[in-house]
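Chains as they are written, first to last, in our numbering: chain S, 223 to 428; chain E, 223 to 428.
Yeah, the Cβ is synthetic: ideal placement off N, Cα and C, and Gly gets one too.
Only one structure is covered here, and it is reproduced in the block below.
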């Protein structure tokens, strides 16, 4: 592309570095910004600059937070003995939205993925081991995505924590509530049969 | 969504106002920004802020420009008597990329679209009339998209300029070079027959 302005070129090049946005989409966004009032661009650029400069992470669970301890860890009503291990803040938001979990979280910041050069030391696994070592933890719930990387990460953490007397659990996999069996993939349907639960438990709708 | 941080919430809300980006994608972009080094966010926010604050438009053709006159209007080799009327800077870039046009442009900044509240006064049509009035213009080439809005805009401009002795032309529509007839839509194929050109002209590949 041959740009009519170096300002446009620079903006397109920066925006196109974001994941899922190519140069054509970036150009479309630039033209949109130019058509909007000036304060729209000011608010957008301000929000991006402030985000990265001022972001903080909870010193306990490593979730994104505005304070030294996040609102979940700081909440005296949450059960600190149950730790749900997740990949990132989106998973925390998803579980919180269910309103079903009264424990606390540990945000790993990713999954072990040797192919992408992400090893255990790139994640907050040591911090999790310290929490178990120093605090009164009863249960670890693994809630990573069920990919090879997720399973590897779960297993790595499990091996590190095996020596403590903890309950280890994982979120259940199966047919989505309200979904038809005929449309489910075989792996999921297979799991929901092999990991079937007592009928009385299944009737416990909350 | 219940955000763990007001910084994240603000960034997601601003980014989600961009066209084609929902709140989920915005959240994904925010997490990406947080994983990148600080200077990436600084460069991105800087480019957006500078873009909107310092952008200039060519006083002649209204294309985006870093200078008072854009590089095309300022080029003595371009034929100022032939004006190609386009919607926005992307069209200028597309025509320039062909290397087939030696004239100059006029960037309207949009199309007449009463349904969206865009009338002739929201575009740079008056500036085009002034150019024709004051300069030695021989030909106007209409190169707007062939939508109802494009046709309306072309016709409006044509009626305003009719009284001058100008040649009016429009970019040709038809089957794309290298495309098969059987896959063309009926409207396009119909136009390429009704607006057929002399055989000798069609052999003039450049």
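Rounded to the nearest whole angstrom, the C-alpha separation of residue 361 of chain E and residue 377 of chain E is 15 Å. Rounded to whole angstroms, the Cβ separation of residue 288 of chain E and residue 228 of chain S is 6 Å, and the two are in contact under 8 Å.
Here residue 365 of chain E has 306, 307, 308, 313, 317, 392 and 393 as same chain residues with Cβ atoms under 8 Å from its own Cβ, once five neighbours each way along the sequence are excluded. Residue range 389-392 is occupied by the beta strand (DSSP E) that includes residue 389 of chain E.
In this structure, the CA atom of residue 239 of chain S is about 42 Å from the CA atom of residue 357 of chain S. For residue 354 of chain S, the uninterrupted alpha helix (DSSP H) run begins and ends at 347-356, by DSSP.
Under the 8 Å criterion on CB atoms, residue 282 of chain E is classed as non-interfacial with respect to chain S. Just so you know, the alpha carbons of residue 295 of chain S and residue 282 of chain S end up roughly 7 Å apart.
Proximity to residue 325 of chain S across S/421, S/293 and S/398 peaks at S/293, based on C-alpha coordinates. For residue 263 of chain E, the closest Cβ of chain S is nearer than 8 Å.
Per the coordinates, the alpha-carbon of residue 351 of chain E lies some 8 Å from the alpha-carbon of residue 382 of chain E. Nearest CB-CB separation between residue 251 of chain E and chain S: below the 8 Å threshold.
Neighbourhood of residue 403 of chain S in chain E, by CB distance below 8 Å: empty, with the nearest CB roughly 28 Å away. One alpha carbon belongs to residue 367 of chain S, the other to residue 265 of chain E, and they sit about 33 Å apart.
In this structure, residue 253 of chain E places its C-beta atom within 8 Å of the C-beta atom of residue 310 of chain S.
Here residue 327 of chain S is not near residue 297 of chain S, since their CB atoms are 8 Å or more apart.
Approximately 6 Å separates the beta-carbon atoms of residue 403 of chain E and residue 397 of chain E; this is inside 8 Å, confirming the contact. The DSSP-derived three-state label of residue 402 of chain S is coil.
Look at the region 262-321 of chain S and you find these whole runs of beta strand (DSSP E), each 3 residues long or longer: 301-308.
DSSP links residue 327 of chain S through a beta bridge to S/306.
Legend: CB atoms of the region 225-239 of chain S lying less than 9 Å from CB atoms of chain E belong to residues 225, 226, 227, 228, 229, 230, 232, 233, 234, 235, 236, 237 and 239. Taking the Cα of residue 330 of chain S as reference, the smallest distance to any Cα among S/415, S/347, S/304 and S/275 is reached at S/347.
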